[in-house]
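Undergrad: Start counting the sequence shown at -5; every next residue gets the next number (the working numbering).
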Amino acid sequence: MENIKIKIQLHKNWIHDKGGEQLNVENEELSNMELFDENLNSAVFCNTKFINGVFRNVNLGGSSFYNCVFSSVNFENSYLRKCEFHQCRFQNCIFLESETTKAEFYDTSVEFCLFKNLKLGWSYFGNCIISGSNFQLVEVDGLIFSDCRFQNLDFKDLKFSKAYPVKINDCANIIAVEELKRQTKCTSA
-5 MENIKIKIQL
5 HKNWIHDKGG
15 EQLNVENEEL
25 SNMELFDENL
35 NSAVFCNTKF
45 INGVFRNVNL
55 GGSSFYNCVF
65 SSVNFENSYL
75 RKCEFHQCRF
85 QNCIFLESET
95 TKAEFYDTSV
105 EFCLFKNLKL
115 GWSYFGNCII
125 SGSNFQLVEV
135 DGLIFSDCRF
145 QNLDFKDLKF
155 SKAYPVKIND
165 CANIIAVEEL
175 KRQTKCTSA
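1) Whole angstroms is fine: what's the gap from Phe30's alpha carbon to Gln16's?
2) Anyone know if the C-beta pair for Gly115 and Thr95 falls short of 8 Å?
3) Compute the Euclidean distance between the alpha carbons of Lys150 and Glu23, then round it to the nearest angstrom.
4) Let me know if Ile0 comes out buried or exposed under the rule of 16 or more other beta-carbons within 10 Å of its beta-carbon.
5) Mind checking which residues open and close the beta strand (DSSP E) that includes Leu112?
6) What is the DSSP secondary structure of Ile123, counted as helix, strand or coil?
7) Applying the criterion that 16 or more other CB atoms from any shown protein chain within 10 Å of the CB defines a buried residue, is Ser72 buried or exposed?
8) What residue range is occupied by the uninterrupted beta strand (DSSP E) comprising Asn86?
9) Measuring straight from C-alpha to C-alpha, what distance separates Lys175 and Leu137?
10) With a threshold of 16 other CB atoms inside 10 Å of the CB of Glu133, please say whether the residue is buried or exposed.
11) Please state whether the Cβ-Cβ distance between Glu32 and Val48 is less than 8 Å.
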C-alpha cells in the first residue's frame, strides 16, 4: 500500500507541474483502500483489483481503466467524468452523488451495483452486461447503451430529457422510465 501512496504523491506533483509522473498502476490488488479528497485526474489503471474500497471526493476525471475489477467499492461525491472503462467488472459497488457524465464503458459487466443521485448523462455503454443493479435519482440525458444485455434492473425517479433522450440498441428516444424498463427487459442477458 505504501507503493500506491508514493505513486499518488508523484501524480500530484505531475498535475501541478512540479516534476513527478502520471499515475500508472498495473497488476496490483488494492484492498481496503480509502481515498479522500484526492486528485487522480488522468490516471491509468491496468489489471488492477480494487477490493472493499472507498473513494470520497476523489477526482478521477479523464482516467482510464483496463481489465480492472471493482468489488464492494464506494464512489461517494467523486468525479468520474470522461473516464474510460475497458473490459472491467463492477460487483456490489455504490455510486453515490457522483459526476459520471461522458464516461465510456466497453465490454464491462456491472453486477449488483447501486447508482444513486448520480449524473450519468452523455455516458456510453458498449457491449456491456448490466444485472441486478438499482438506478435511483439518476440523470440520464443522452445516455447510450449499444449491444448491451440487461437483467433484473430497478429504476426509480430517473431524470430524463426530451431534447436528449436515452438510446438502447436500435430503440431511440426513451424519455420515460416505463419505456426504459420495457427496453431493458427486451434485451435480457
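Virtual Cβ for every residue (Gly too), placed ideally from N, Cα, C.
Just so we're clear, the structure is a prediction, and the values are computed from it rather than from any experiment.
TA: On the basis of the data shown:
1) 19 Å
2) yes
3) 34 Å
4) exposed
5) 108 to 113
6) strand
7) buried
8) Counting along the chain, Asn86 falls outside any beta strand (DSSP E), and DSSP gives it neither H nor E.
9) 14 Å
10) buried
11) no
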